[in-house]
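When the sequence shown is numbered by our numbering, its final residue is 440 and no position is left out of the sequence of numbers.
All residues carry an ideal CB built from backbone N, CA and C; glycine is no exception.
Below is one structure, written out as structure tokens; the observations come after it.
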Amino acid sequence: MTTARFFTTGSRIHAVEVTDHAGYAQEGEDIVCAAVSANLDLTSCLLEDVMGLAIKTEVDEENARIRMELPDKLEEADEIQAQNALSALMLYFINLKARYQDFIEVMEV
Numbered sequence: 332m333t334t335a336r337f338f339t340t341g342s343r344i345h346a347v348e349v350t351d352h353a354g355y356a357q358e359g360e361d362i363v364c365a366a367v368s369a370n371l372d373l374t375s376c377l378l379e380d381v382m383g384l385a386i387k388t389e390v391d392e393e394n395a396r397i398r399m400e401l402p403d404k405l406e407e408a409d410e411i412q413a414q415n416a417l418s419a420l421m422l423y424f425i426n427l428k429a430r431y432q433d434f435i436e437v438m439e440v
């Protein structure tokens with residue numbers, strides 16, 4: 332099962348970490364893993380390439396773990412947009428869990 336953890340301080344999401352394979356299908360054919368990966372990539376592209384934020388990204392393919400972390404301090408407009416992006420990612424994962432509840436877990440920690 333894939334687990335998506337959203338790390339918060341107050342109402343601020345400061346990091347997201349996704350671990351493990353969903354197990355919906357064989358590797359390379361797993362639509363849940365594909366959906367999770369695609370949306371993590373999209374969020375990363377938005378934060379780094381479009382917004383120009385220096386987010387910290389850790390990828391551990393061997394252990395099926397990806398972590399993205401925002402800088403501690405952002406300009407107000409960047410903070411609002413980054414929070415919108417991470418909130419949308421969380422909502423997407425929650426909606427995905429509603430359809431594939433045995434294959435993805437979403438937590439706010």
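When the options are compared against residue i, the one with the closest alpha-carbon
i           : options               : result
residue 373 : 436, 430, 433 and 420 : 420
residue 412 : 343, 337 and 360      : 343
residue 414 : 334, 364 and 345      : 345
For residue i, the first and last residue of its enclosing alpha helix (DSSP H)
i           : result
residue 310 : This structure cannot settle anything about residue 310, because the visible part of the chain is limited to 332 through 440.
Backbone CA spacing between residue i and residue j [nearest angstrom]
i           : j           : result
residue 384 : residue 362 : 29 Å
residue 352 : residue 364 : 6 Å
Coarse secondary structure for residue i, derived from DSSP in three states
i           : result
residue 391 : strand
residue 406 : coil
residue 424 : helix
residue 335 : strand
Under 8 Å between C-beta atoms of residue i and residue j
i           : j           : result
residue 382 : residue 354 : no
residue 347 : residue 417 : yes
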